[in-house]
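Taking it in order: structure first as structure tokens, then the write-up.
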Amino acid sequence: MRRRNFLVAAGAAVLAGCNKVAESAPGARLLSAAERWHKGAHRLLTNREALAPEYPRSAVSPYFRGNGTTDPQEPAYQQHAAESFANWRLEVGGLVETPMSLTLDNLRRLPQRTQVTRHDCVEGWSAIGEWTGPQLSLLLEAAGLREEANYIVFRCADTLNGAVYYESVDRIDAFHPQTIVAHSLNGEPLPIRNGAPLRMRIERQLGYKHAKYLTAIEAVASLEDIGGGEGGYWEDRGYQWYAGI
Amino acid sequence: MKRHALTTRLWHWLNLVFVVILFMSGLTISNAHPRLYWGDWGFAPEQAWLILPRFPDWMTIPGYYSLAVARDWHILAAWPFALLLLGMWVAMLANRHFKRDIATDRKEWRPASIRRDLVAHLRLRFDHGSGKYNFLQKLAYGLVLGVILPMMIFSGIAISPGMEPTFGWLVEGLGGRQSARSLHFIFAFALLGFFIVHVLLVILSGPIRQLSDMLTGGHHEEGPGDAA
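Protein chains in written order, with the numbering used here: chain A, 908 to 1152; chain B, 2 to 229.
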């Protein structure tokens, strides 16, 4: 019993020390700097076009786990679901020359990319699925992305704990060949659990980057004035914006 | 001559701090999804080879459940941990600590000699002259420095999706991403096992002198090896 008490005391001492560091201004800066060091190292070591591994069709998981929102309750979304998403629109706007409003049919008629990739959740699990859709770069080039656009923001139809879901990537991940606007999983239209009718695939980052129930793609210069200002729903709740770690 | 070089002492205590932070924040990360799988993928209980218990708050960083904060600590501490290990290896090869004190020769691998060391350990006889490590110590320190600690770093890199486009061979070599994650846990607990035995043996073999030697460097005791 005494040994356990000693361990609890030692644990408490480490915790108290860590809390002190985390609560101090330099400590907090250090903790957020680590994320940038990792991103810097990844970008230094990895070609910006380098691909995440792709698997044969036979490697696909028996079903694809859904996480976060798996059945949006918003009336507008429910209405779309009842219409089998026939009237769904994807807006492409912000810092672009020609804003666009695309139907699912428009997206399906563009050149498609199909990729069997692994999805890694920040919690630790992985699932493999086959995704199909046009590359995001096609849409951005068609709309004429402006020079001053540093980030691409993904707007979503779902809310989680009362806040609207959103995500963002920089130009490097936006123009990555595997970054697609997926409308199909394993050859079928996306199930609601996995983001129907459209979701992003950002294959070199963790699952929370892959925004589901996608309604709009918005090019912006800065993330400061959007949501909590950190670049995404989970980022506003303390998670790393660079989710390749 | 000192019993422990300054680089050894510095690395030893700094490494302890970062390993403790990594382990305790790692337990929070385990709590986020306490199941381990083999191969590339896995997400459901029926695919798991091990389901871990929930680690209580007094063991974890932070002292409440927050995956976001735990990840902050984990990826911060990973930097000094990895760089210090690299530095320790450079120092250890340069000052011949590795060759002199840790590397084993063929004689020491003879079953009779291993048995003798084991028996001496079980009888808690730690007198083996002139500040030299015996076979079991060499094996333990060699495994920690050469296998367990480096494997923590390599399996950690393999879990990072942003590293995989460059280090795909590493992920494949470890048997897929979920295997790499399982190995990350296995080596972490192997390290905990070493830590417990290490502390226990220090306590049994004269903790005051051992601790003060690891802080000040200590002195080589006079022995037959040092006489010449």
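We put the beta carbon where it would ideally sit given N, CA and C, even for glycine.
Name the chain A residues whose beta carbon is nearer than 7 Å to that of residue i?
{"i": "residue 64 (chain B)", "result": "922"}
{"i": "residue 165 (chain B)", "result": "959 and 960"}
{"i": "residue 80 (chain B)", "result": "941 and 944"}
{"i": "residue 169 (chain B)", "result": "960"}
{"i": "residue 155 (chain B)", "result": "Ordered by position in chain A, no residue passes the 7 Å Cβ test against residue 155 (chain B), which lies about 14 Å from the chain."}
Can you give me the start and stop residues for the alpha helix (DSSP H) that residue i sits inside?
{"i": "residue 153 (chain B)", "result": "150-160"}
{"i": "residue 199 (chain B)", "result": "178-205"}
{"i": "residue 68 (chain B)", "result": "68-95"}
{"i": "residue 1080 (chain A)", "result": "1078-1081"}
{"i": "residue 1113 (chain A)", "result": "Careful: residue 1113 (chain A) lies outside any alpha helix (DSSP H) and carries neither H nor E."}
{"i": "residue 214 (chain B)", "result": "208-217"}
{"i": "residue 999 (chain A)", "result": "First-last for residue 999 (chain A): 996-1001, but that is the beta strand (DSSP E), not the alpha helix (DSSP H)."}
{"i": "residue 172 (chain B)", "result": "165-174"}
{"i": "residue 138 (chain B)", "result": "136-144"}
{"i": "residue 1048 (chain A)", "result": "1043-1050"}
{"i": "residue 987 (chain A)", "result": "982-989"}
Do residue j and residue i count as a contact pair if the criterion is CB distance below 8 Å?
{"i": "residue 188 (chain B)", "j": "residue 156 (chain B)", "result": "yes"}
{"i": "residue 1035 (chain A)", "j": "residue 968 (chain A)", "result": "yes"}
{"i": "residue 85 (chain B)", "j": "residue 37 (chain B)", "result": "no"}
{"i": "residue 1085 (chain A)", "j": "residue 1019 (chain A)", "result": "no"}
{"i": "residue 134 (chain B)", "j": "residue 115 (chain B)", "result": "no"}
{"i": "residue 1050 (chain A)", "j": "residue 999 (chain A)", "result": "yes"}
{"i": "residue 1070 (chain A)", "j": "residue 1116 (chain A)", "result": "no"}
{"i": "residue 1043 (chain A)", "j": "residue 1079 (chain A)", "result": "no"}
{"i": "residue 160 (chain B)", "j": "residue 171 (chain B)", "result": "no"}
{"i": "residue 1106 (chain A)", "j": "residue 1097 (chain A)", "result": "yes"}
{"i": "residue 61 (chain B)", "j": "residue 105 (chain B)", "result": "no"}
{"i": "residue 1073 (chain A)", "j": "residue 1134 (chain A)", "result": "yes"}
{"i": "residue 199 (chain B)", "j": "residue 1032 (chain A)", "result": "no"}
{"i": "residue 82 (chain B)", "j": "residue 20 (chain B)", "result": "yes"}
{"i": "residue 1122 (chain A)", "j": "residue 1063 (chain A)", "result": "yes"}
{"i": "residue 79 (chain B)", "j": "residue 7 (chain B)", "result": "no"}
{"i": "residue 948 (chain A)", "j": "residue 938 (chain A)", "result": "no"}
{"i": "residue 1 (chain B)", "j": "residue 1147 (chain A)", "result": "Chain B is shown only over 2 to 229; residue 1 (chain B) falls outside these bounds and no answer can be derived."}
{"i": "residue 1100 (chain A)", "j": "residue 1024 (chain A)", "result": "no"}
{"i": "residue 1089 (chain A)", "j": "residue 1010 (chain A)", "result": "no"}
{"i": "residue 1002 (chain A)", "j": "residue 1053 (chain A)", "result": "yes"}
{"i": "residue 915 (chain A)", "j": "residue 50 (chain B)", "result": "no"}
{"i": "residue 141 (chain B)", "j": "residue 195 (chain B)", "result": "yes"}
In or out: residue i buried (at least 16 other Cβ within 10 Å) or exposed?
{"i": "residue 124 (chain B)", "result": "exposed"}
{"i": "residue 220 (chain B)", "result": "exposed"}
{"i": "residue 213 (chain B)", "result": "exposed"}
{"i": "residue 41 (chain B)", "result": "buried"}
{"i": "residue 180 (chain B)", "result": "buried"}
{"i": "residue 55 (chain B)", "result": "exposed"}
{"i": "residue 1140 (chain A)", "result": "buried"}
{"i": "residue 197 (chain B)", "result": "exposed"}
{"i": "residue 956 (chain A)", "result": "exposed"}
{"i": "residue 32 (chain B)", "result": "buried"}
{"i": "residue 217 (chain B)", "result": "exposed"}
{"i": "residue 226 (chain B)", "result": "Annotation note: pLDDT 36 at residue 226 (chain B) (below 50); position unreliable, coordinate value reported separately. Answer is exposed; the Cβ neighbour count stays below 16."}
{"i": "residue 204 (chain B)", "result": "exposed"}
{"i": "residue 162 (chain B)", "result": "buried"}
{"i": "residue 913 (chain A)", "result": "exposed"}
{"i": "residue 229 (chain B)", "result": "In this prediction, residue 229 (chain B) has a pLDDT of 34, which is less than 50 and means its spatial position is unreliable; what the coordinates show is noted afterwards. Looking at its Cβ environment, which holds fewer than 16 other Cβ atoms inside 10 Å, residue 229 (chain B) is exposed."}
{"i": "residue 91 (chain B)", "result": "exposed"}
What does residue i reach in chain B if we use C-beta pairs closer than 7 Å?
{"i": "residue 942 (chain A)", "result": "76"}
{"i": "residue 1097 (chain A)", "result": "In chain order: nothing, as chain B lies at least about 18 Å away."}
{"i": "residue 945 (chain A)", "result": "76"}
{"i": "residue 1069 (chain A)", "result": "Per Cβ cutoff of 7 Å: no residues; residue 1069 (chain A) is ~18 Å from chain B at best."}
{"i": "residue 1152 (chain A)", "result": "76, 161 and 163"}
{"i": "residue 949 (chain A)", "result": "163 and 164"}
Please list the terminal residues of the continuous beta strand (DSSP E) segment that includes residue i.
{"i": "residue 1061 (chain A)", "result": "1058-1067"}
{"i": "residue 117 (chain B)", "result": "Run containing residue 117 (chain B): none in the beta strand (DSSP E); it sits in the alpha helix (DSSP H), 112-123."}
{"i": "residue 1008 (chain A)", "result": "1007-1010"}
{"i": "residue 6 (chain B)", "result": "Residue 6 (chain B) -> no beta strand (DSSP E), and no H or E assigned at all."}
{"i": "residue 1039 (chain A)", "result": "1033-1040"}
Could you tell me which chain A residues have their CB closer than 8 Å to the CB of residue i, listed as they occur along the chain?
{"i": "residue 41 (chain B)", "result": "962, 966, 1025, 1033 and 1035"}
{"i": "residue 207 (chain B)", "result": "Chain A residues near residue 207 (chain B): none, gap ~19 Å exceeds 8 Å."}
{"i": "residue 70 (chain B)", "result": "929 and 1145"}
{"i": "residue 99 (chain B)", "result": "By Cβ distance, chain A contributes nothing, its closest Cβ being about 27 Å from residue 99 (chain B), past 8 Å."}
If the cut is a Cβ gap below 8 Å, which residues of chain B does residue i touch?
{"i": "residue 1112 (chain A)", "result": "162 and 163"}
{"i": "residue 953 (chain A)", "result": "163, 164, 166 and 167"}
Find the residues of chain B that neighbour residue i, judging by a C-beta separation of less than 9 Å, and give them in chain order.
{"i": "residue 919 (chain A)", "result": "59 and 64"}
When the cut-off is 8 Å and only beta carbons count, does residue i lie next to chain D?
{"i": "residue 1100 (chain A)", "result": "The structure shown contains no chain D; the protein chains it does contain are A and B."}
Cβ closer than 9 Å: which chain A residues qualify as neighbours of residue i?
{"i": "residue 127 (chain B)", "result": "Here the premise fails: no neighbours, minimum Cβ distance about 21 Å."}
Query raised in the report: Just by C-beta distance, which residues in the segment 1021-1036 of chain A are closer than 8 Å to chain B?
Result: Flagged, chain order: 1025, 1027, 1028, 1029, 1030, 1031, 1032, 1033, 1034 and 1035.
Requested in this report: Pull out every residue of the segment 1123-1146 of chain A whose Cβ sits closer than 8 Å to any Cβ of chain B, in chain order.
Outcome: Taking 8 Å as the Cβ-Cβ cut-off, the segment 1123-1146 of chain A approaches chain B at 1141, 1144, 1145 and 1146, given in chain order.
Query raised in the report: Which residues, taken in chain order from the segment 171-198 of chain B, show a beta carbon closer than 8 Å to some beta carbon of chain A?
Result: Residues of the segment 171-198 of chain B with a C-beta less than 8 Å from any C-beta of chain A: 172, 178, 179 and 182, listed in chain order.
Query raised in the report: Got a sec: which bits of the segment 19-36 of chain B sit with their beta carbon under 9 Å from any beta carbon on chain A, in order along the chain?
Result: Listed by position along the chain: 21, 22, 25, 26, 30, 31, 33, 34, 35 and 36.
**Report entry** Selection of the segment 100-111 of chain B by Cβ proximity to chain A, strictly under 9 Å
**Finding:** In summary, no residue of the segment 100-111 of chain B has a CB separated from any CB of chain A by less than 9 Å.
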